[in-house]
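Chains A and B, in that order, give the protein sequences.
When we follow my numbering, the leftmost residue of the first sequence carries the number 1, and every step to the right adds one.
When we follow my numbering, the leftmost residue of the second sequence carries the number 1001, and every step to the right adds one.
Cβ coordinates follow ideal geometry from the N, Cα and C atoms, glycine included.
Just so it is clear, the structure is predicted and the values come from calculations on it, not from any experiment.
Each remark here refers to the structure printed beneath this line.
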Amino acid sequence: MIPVLLILIPLLSGLVTFFLKDEKAAKSWSLLSSVITLAVVFSGLFIYDHNSESNFNAAWLPALGSSFSLSLDGMGKMLTLLTAISFPVVFASTYKNSYKESGSFYGLMLLTQAGLMGVFVAADALLFYFFWELALIPVYFLCSIWGGEKRIAVTFKFFIYTFIGSLLMLAGILYLYFQTPDHSFAIKSLYSLHLSVKDQNIIFWLFFIAFAIKMPIFPFHTWQPDTYEQSPTAVTMILSGVMVKMGIFAVIRWLLPIFPDAVAHFSTIIIIFSIIGMIYASLIAIQQDDIKRLIAYSSIAHIGLMCAAIFAHNRIGLEGVLIQMFNHGINVIGLWIVADVIEQQLGTRKLSELGGLAQKAPVLAILLVVMALANIALPLTNAFVGEFLMFNGLFQYNVWFAAIAGISIILAAVYTLNMVQKIFYGNTVSITANAVDAKNNVQWILIVLVVVVLLLGVYPQPLINLTKDTVNIILVNR
Amino acid sequence: MNAIILSALLGVVMMFSSILTENRTIIRNIAIAGLLILLIGNLLNTYTVYSFNIDSHNMLRFDKFGLFFNSIAIASTLLYAILSGSDVVKVGNYPAESFALIFFALCGVAILSSYNTLLMLFLGIEIMSIPLYILTGSDKKNLKSNEASLKYFLMGCFSTGILLMGITLLYGASGNFNIESVHSTSNAVTTSYNYGILAPLGLILIFISMCFKVSAAPFHFWTPDVYDGAPSVFTSFMATIVKAAGFIAFIKLFSIRMADLGPSSSIILSTIIIATLLVGNITAVFQQSVKRMLAYSSIAQAGFMLFALYGNNDLSSEGILLYSAAYSIATIGIFAILIKMKDYTFDGYNGLAKKQPLVAAANTVFLLSLAGIPLTAGFFAKYYMLASALKSNGHAVLWLVIVAVLFAAVSVYYYFRVIQAMYFKEGEAETTEISSKFKAGLVVMAILIILIGINPSFLLNWFYF
């Protein structure tokens, strides 16, 4: 029942939110709903931790061979946990922001959560496709209505990009469906398929392009910085913290086990593209003056590493990717929160217009520095564990790839520290002269995130244990 | 049989109703009642409760597929009359005429869904088309409407001529009008005469004429002008129910005879599909008027419906029924809203969401359905089309499916322009008065679309019931 609840709670409460006219009511209602969802995830992790609770199966479209079947494996549990943590964090940290027609805003946010949850728990390809789209449509409206100046064109580009990807995936799913002996969309039937190499090589790309656009991987990344910049920050947090994980998740769940030959065949070229993307995005990030764009490009670089490590296709790399999915989500949301605080308070996101904020907002400065260090994967932060494992995996695949990809660590240090320095150190300028420290709710949220960062940096074992079963299934199926 | 007889009778009733009353509301209500009777009559026939029994000497054959399509067509017309009926009676001086013609066109639809000889195919197409020529020109004082009517008439005659020539050639080759009993090829072998080219040539001519009727490229040129020039209420009827009926007729014949076109048939068909998708989608992108955009989008949708012909299996017959229903409901809704707008350009929709949130929300559902987004009926419509093609042909057709989905992505561009105008742009969005009944109708249709989108067996189960 757990996965059903994870979808139903945000879905139903989201629909209710549309009718809440009062802004306060909408905010508290959606915060409450997201906290309940989080509680359900925890109960699934610690109390109802057995198969009967984490699987669900009901008839949906028997004529088509599709059923409403959900299941929670280790990876699913971890990502639903990330989703469930992200939403209350986002709601709480942007609690003071006000939106026009806030009922619709929070309603769409919760619908997005329902879609994301569905993607992570779906055990049926058609159902997966449904949720994949369900997560996209509300985001389209969120960005287009509440975004920045150029929102309409930018969001449209984002939508068309991802929609092309999903449609190609649909064609691929349909093709696979007709290959299964029992004409079924169930993940089990797809896993037991033995496709010819020729088939694999074609269908692989139909799926991979969809996922590559979502992640995004160079050269499909062009929608991403614009969209992150133009979206309202609350949406950007969800986009970069959780939604890009859909792409990585989907590669691991739907690509690796079904197309083992094609994965082996194309892994080198994909890793090369990922690494090009990493270096390229890092170099651009160094040039950025806008905090949001800087974080966006840094995110492309991190995702590139995850994609490369997946296609290295060994145990240590995969373990790294899995825990890094969670860690990156936490870290990047932390960075966005700081960016949002600065923008809300000072009205600018330009690094060149900021400076000396540490004198005025010491708490914020300390918290940001920890987040920034996690972003460059310093030891003792959570990202170090993930990145170390991923580089290790990449190293086993090819030393040169690991070496070139390693440059991005140095570049990450350059742009991240540069950002910290320009915002917080130096002399105060006119804009920051009257700044005050972050509000209590933001401080508490950031403190929680920092604790998570340090805790998982010192003791990552729970995450590794959680995702062990997934790694086994993926690698055995080869 | 019920649908054919009742619709003809009701057409006559509508004609004479204008003697009794001039009141437009009463006339509209008579029409709605008539459509209800027609729907019930057809349902009685479908579930073999009661039907007129007239021996047609096997010229008509009533199977579940055809009867079910009749129900979809009649139900769509009913929705259309409920939503746009008050606008129908505003066109022209004699409102009852329009409804009489609509009933006659429905009679043609019913014949097309049940014909068993080529003669009946011809009759059905004519009975369906001639009322439409008149309806297109029913805004008598409007030059554009006159032009559209003339153009439609000339093009229609032209394609009917081709159809007749094709039928003649087939008759020459096989000696009868039956659509399935005589296979031209086997016939040529068993008799001592070799008719050679006659049968395939005849079939090709019929194929071309049917492409005219369903506005498949490159025989689509009449569509945008006619759809644009005709009074919007009638465009709505033409673009949905009539078009779907054309497809049913097309599929009924060619699901049996496609193979007779020879090994090149799949190449011809895939060329036409791609051309139709290309012309419809690409041209729609550049339109400034929503009405013209919808005309091109109807061409694009025809490209998808042609997949049913390509697949030619159980999925495609289910699929074309689903497609007809999904496409008709959504398009009728969009047109009903369009009619209420004062300005037909995209900019005319600016800010509609603020002024009429419910109407805008319903319109969004309809547009999403046409674009084929999951959770709407349009998704499963497209799904069935693609699946039917993949099921029959597997590997070989994958590239065609990929091309089709890419064009579906293009279609998102122009459908979403309307959504953008309604929700994200500031503006006045002037409308004529919108009654709460109208809104209720829209909401019902939007819910219908979503219900079918969540579970298409909601609709298709009736087919097997």
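| Does LEU1406 (chain B) come within less than 8 Å of chain A when only Cβ atoms are used? | The count along the second sequence starts at 1 and reaches residue 1406 (chain B) at position 406. True, the Cβ-Cβ gap to chain A drops below 8 Å.
| said: If contact is defined by three or more beta carbon pairs under 8 Å, each pair taking one atom from either stretch, is the region 85-102 of chain A in contact with the region 1001-1021 of chain B? | reply: no
| request: Just mark CYS1107 (chain B) as buried or exposed, buried being the case when its beta carbon has 16 or more other beta carbons within 10 Å. | output: Translated into the one-based positions of the second sequence, residue 1107 (chain B) becomes position 107. It counts as buried.
| Got a sec: is the Cβ-Cβ distance from ALA133 (chain A) to anything in chain B below 8 Å? | For this step, residue 133 (chain A) is matched to residue 133 along the first sequence. It is Glu, not Ala, that sits at residue 133 (chain A) in the sequence shown. Taking Cβ atoms only, chain B reaches closer than 8 Å to GLU133 (chain A), which makes this a yes.
| field | Contact with chain A by ASN1313 (chain B), beta-carbon distance below 8 Å | value | Reading the second sequence from its first residue, position 313 is the one you call residue 1313 (chain B). So, not an interface residue.
| field | Any C-beta of chain A under 8 Å from that of LEU1352 (chain B) | value | By one-based count along the second sequence, residue 1352 (chain B) stands at place 352. LEU1352 (chain B) does not count as touching chain A.
| message | Going residue by residue through the region 20-107 of chain A, where are the continuous alpha helix (DSSP H) segments of at least 4 residues, counting only ones entirely within it? | response | 23-46, 51-54 and 74-93
| Inter-residue spacing [alpha-carbon to alpha-carbon] between VAL458 (chain A) and ASN382 (chain A) | In the first sequence, counting from the first residue as 1, residue 458 (chain A) sits at position 458. In the first sequence, counting from the first residue as 1, residue 382 (chain A) sits at position 382. Answer to the nearest angstrom: the Cα atoms are 7 Å apart.
| With ALA135 (chain A) and THR112 (chain A) assumed to form a contact (beta carbons below 8 Å), what rounded beta-carbon distance in angstroms separates them? | Residue numbering aside, residue 135 (chain A) sits at position 135 when the first sequence is read from its first letter. Residue numbering aside, residue 112 (chain A) sits at position 112 when the first sequence is read from its first letter. Yes, they are in contact, since the Cβ atoms of ALA135 (chain A) and THR112 (chain A) sit about 6 Å apart, within 8 Å.
| Hey, quick one: how far does the alpha helix (DSSP H) through ASP340 (chain A) stretch, first residue to last? | Taking the first sequence and counting its residues from 1, one reaches residue 340 (chain A) at position 340. Run containing ASP340 (chain A): 315-346, per the alpha helix (DSSP H) assignment.
| message | 8 Å is my cut-off, CB to CB: does LEU1442 (chain B) come that close to chain A? | response | Along the second sequence, read from residue 1 onward, the residue named residue 1442 (chain B) stands at position 442. Closer than 8 Å: no.
| request: Between the Cα of LEU5 (chain A) and those of A:THR467, A:LEU70 and A:LEU466, spot the shortest distance and give me the residue it belongs to. | output: Reading the first sequence from its first residue, position 5 is the one you call residue 5 (chain A). If we check each option's Cα against that of LEU5 (chain A), A:LEU70 comes out closest.
| query | Which word fits ASN375 (chain A), buried or exposed, when buried means at least 16 other C-beta atoms lie within 10 angstroms of its C-beta? | reply | Looking up residue 375 (chain A) in the first sequence gives position 375. Buried: at least 16 other Cβ atoms inside 10 Å.
| For TYR106 (chain A) and chain B, any beta-carbon pair shorter than 8 Å? | The residue you call residue 106 (chain A) lines up with position 106 of the first sequence. No, its Cβ sits nowhere closer than 8 Å to a Cβ of chain B.
| query | Using a Cβ-Cβ distance under 8 Å, would GLY1394 (chain B) count as near chain A? | reply | Indexing the second sequence from 1 puts residue 1394 (chain B) at position 394. It does: the Cβ of GLY1394 (chain B) has a partner Cβ on chain A nearer than 8 Å.
| said: DSSP three-state label for LEU1060 (chain B), please. | reply: For the purposes of this step, residue 1060 (chain B) is taken as residue 60 along the second sequence, with counting starting at 1. LEU1060 (chain B) falls in the strand class under three-state DSSP.
| query | Straight-line CA distance for LEU1390 (chain B) to TRP132 (chain A)? | reply | For this step, residue 1390 (chain B) is matched to residue 390 along the second sequence. For this step, residue 132 (chain A) is matched to residue 132 along the first sequence. Their Cα atoms are separated by approximately 22 Å.
| Environment of THR1271 (chain B) [buried if 16+ CB atoms lie within 10 Å] | The residue you call residue 1271 (chain B) lines up with position 271 of the second sequence. By the 10 Å Cβ count, THR1271 (chain B) comes out exposed.
| request: Can you tell me which of B:ASN1281, B:LEU1398, B:LYS1141 and B:HIS1057 puts its alpha carbon nearest to the alpha carbon of PHE1177 (chain B)? | output: Taking the first residue of the second sequence as 1, we reach residue 1177 (chain B) at position 177. Out of B:ASN1281, B:LEU1398, B:LYS1141 and B:HIS1057, B:HIS1057 has the C-alpha closest to the C-alpha of PHE1177 (chain B).
| Candidates B:ILE1282, B:ILE1454, B:ALA1387 and B:PHE1366, of which the one nearest GLN179 (chain A) by Cα | For this step, residue 179 (chain A) is matched to residue 179 along the first sequence. Nearest of B:ILE1282, B:ILE1454, B:ALA1387 and B:PHE1366 to GLN179 (chain A), Cα basis: B:ALA1387.
| field | CB-CB length for SER189 (chain A) against ASP182 (chain A), believed under 8 Å | value | Within the first sequence, the letter at position 189 stands for residue 189 (chain A). Within the first sequence, the letter at position 182 stands for residue 182 (chain A). Indeed they touch by this definition, with Cβ atoms about 6 Å apart.
| Residues of chain B with CB under 7 Å from TYR129 (chain A), in chain order? | The residue you call residue 129 (chain A) lines up with position 129 of the first sequence. Within chain B, the residues near TYR129 (chain A) are PRO1374.
| query | Going along chain A, which residues have a C-beta under 8 Å from LYS1391 (chain B)? | reply | Within the second sequence, the letter at position 391 stands for residue 1391 (chain B). In chain order: PHE178.
| request: With DSSP collapsed to three states, give me the class of ASN375 (chain A). | output: Residue numbering aside, residue 375 (chain A) sits at position 375 when the first sequence is read from its first letter. Of the three classes helix, strand and coil, the one that applies to ASN375 (chain A) here is helix, per DSSP.
| field | Rounded straight-line distance, which links the Cα of VAL453 (chain A) to that of ILE1402 (chain B) | value | Position 402 of the second sequence, counted from the start, is the residue given in the question as residue 1402 (chain B). Position 453 of the first sequence, counted from the start, is the residue given in the question as residue 453 (chain A). Each residue's Cα considered, the two are about 44 Å apart.
| message | Whole angstroms are fine: how far does the CA of PRO1263 (chain B) sit from the CA of SER1186 (chain B)? | response | What you label residue 1186 (chain B) is simply residue 186 of the second sequence in a count that begins at 1. What you label residue 1263 (chain B) is simply residue 263 of the second sequence in a count that begins at 1. Because the pLDDT at SER1186 (chain B) is just 48, under 50, the model does not fix this residue reliably, and the point stays unresolved.
| query | In terms of alpha-carbon separation, which member of B:LEU1459, B:SER1051, B:ILE1256 and B:ASP1055 lies closest to ILE1329 (chain B)? | reply | On the second sequence, residue 1329 (chain B) is found 329 positions in, with the first residue counted as 1. Checked all of B:LEU1459, B:SER1051, B:ILE1256 and B:ASP1055; the closest Cα to ILE1329 (chain B) is B:LEU1459.
| Exposure label - GLY334 (chain A); buried when at least 16 CB within 10 Å | Within the first sequence, the letter at position 334 stands for residue 334 (chain A). So GLY334 (chain A) ends up on the buried side.
| task | Tell me the start and end of each unbroken alpha helix (DSSP H) in the region 397-425 of chain A that is at least 4 residues and wholly inside, in chain order. | result | 399-424
| Pair within 8 Å by beta-carbon distance, GLY1311 (chain B) and GLY1280 (chain B) | Residue 1311 (chain B) sits at position 311 when you count from the first residue of the second sequence. Residue 1280 (chain B) sits at position 280 when you count from the first residue of the second sequence. No.
| task | Answer yes or no: does any C-beta atom of chain B fall closer than 8 Å to that of PHE156 (chain A)? | result | The residue you call residue 156 (chain A) lines up with position 156 of the first sequence. At least one chain B Cβ lies under 8 Å of PHE156 (chain A).
| message | Let me confirm a value: PRO379 (chain A) is counted as buried when at least 16 other C-beta atoms fall within 10 Å, else exposed. Which label applies? | response | On the first sequence, residue 379 (chain A) is found 379 positions in, with the first residue counted as 1. Exposed is the call here.
| Between the region 1249-1281 of chain B and chain A, which residues of the former have a C-beta closer than 7 Å to a C-beta of the latter? | none
| query | Is THR233 (chain A) near THR94 (chain A), with beta carbons less than 8 Å apart? | reply | Position 233 of the first sequence, counting from 1, holds the residue named residue 233 (chain A). Position 94 of the first sequence, counting from 1, holds the residue named residue 94 (chain A). It is a contact, given that the beta carbons lie within the stated cut-off.
| query | Would a C-beta distance cut-off of 8 Å place PHE1069 (chain B) and SER1324 (chain B) closer than the cut-off? | reply | One-based indexing of the second sequence puts residue 1069 (chain B) at position 69. One-based indexing of the second sequence puts residue 1324 (chain B) at position 324. Yes, they are a contact pair.
| field | Cβ of GLN1420 (chain B) within 8 Å of any chain A Cβ | value | In the second sequence, residue 1420 (chain B) corresponds to position 420, counting from 1. Chain A, which has a Cβ nearer than 8 Å to the Cβ of GLN1420 (chain B), makes this yes.
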